[in-house]
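Numbering (my numbering), first residue to last: 214 to 405.
For every residue, glycine included, the Cβ atom is placed at its ideal position computed from N, Cα and C.
First comes the structure, then the notes that go with it.
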């Protein structure tokens, strides 16, 4: 299982609840793994597993760990100077536009981001569709679209999220006010 992980972190609890056979498996995994295996001590007062040279500590609450976990996954994709972005943004900044027109502009931005940016960042996958003239042809969808969750952060994020959702029709949609609203739904989610 550790070989499938981006990072291998062994959570170490109190000594009474530890499996004795796990030490051998951890030694073998840390020696043969093509990744760094670390241990998180919970609570921080428990004795480490193996020695700290074999299984270095990992402090989950540390700023360094959070940076290692989050920063490599985020890459900025700036579309600000694209012609499409400039055209779409104009309506959202026009003082004469409000209500349904303004919401519609944000839906269009969501569609643009979905079709132009997210498909490039996440990728597409081919699948068979029925051609209008009969027979099968190739269609495309977002990679893992059926396991994608589009989250509308209420209230302001709803129109943009609706545009993304309209583009990725096989994705799930969730209204959320806080991150707690999201946590239950991410179990079978590949992309959010």
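Residue interval of the alpha helix (DSSP H) (run including residue i)
{"i": "residue 376", "result": "371-380"}
Short Cβ contact (8 Å threshold) for residue i with residue j
{"i": "residue 362", "j": "residue 402", "result": "yes"}
{"i": "residue 468", "j": "residue 365", "result": "In the structure displayed, the chain extends from 214 to 405; residue 468 sits before or after that span and is not available."}
{"i": "residue 357", "j": "residue 327", "result": "no"}
{"i": "residue 239", "j": "residue 259", "result": "no"}
{"i": "residue 329", "j": "residue 297", "result": "yes"}
{"i": "residue 335", "j": "residue 404", "result": "yes"}
{"i": "residue 323", "j": "residue 261", "result": "no"}
{"i": "residue 273", "j": "residue 252", "result": "no"}
{"i": "residue 386", "j": "residue 355", "result": "no"}
{"i": "residue 225", "j": "residue 265", "result": "no"}
{"i": "residue 383", "j": "residue 359", "result": "yes"}
{"i": "residue 353", "j": "residue 331", "result": "no"}
Bridge partner(s) assigned by DSSP for residue i
{"i": "residue 224", "result": "253"}
{"i": "residue 341", "result": "351"}
{"i": "residue 385", "result": "362"}
{"i": "residue 270", "result": "252"}
{"i": "residue 404", "result": "361"}
beta-carbon residue i near the ligand MN non-hydrogen atom, thresh 7 Å
{"i": "residue 242", "result": "No copy of the ligand MN occurs in the structure displayed, which carries no ligand at all."}
Notebook entry, point to check: Is the stretch 300-310 close to the stretch 318-326, with three or more CB pairs under 8 Å?
Noted result: yes
Next item on the list: Go through the stretch 274-337 residue by residue and report every complete run of the alpha helix (DSSP H) that reaches 4 residues or more, in order.
Entry: 276-283, 296-306, 312-325, 332-335
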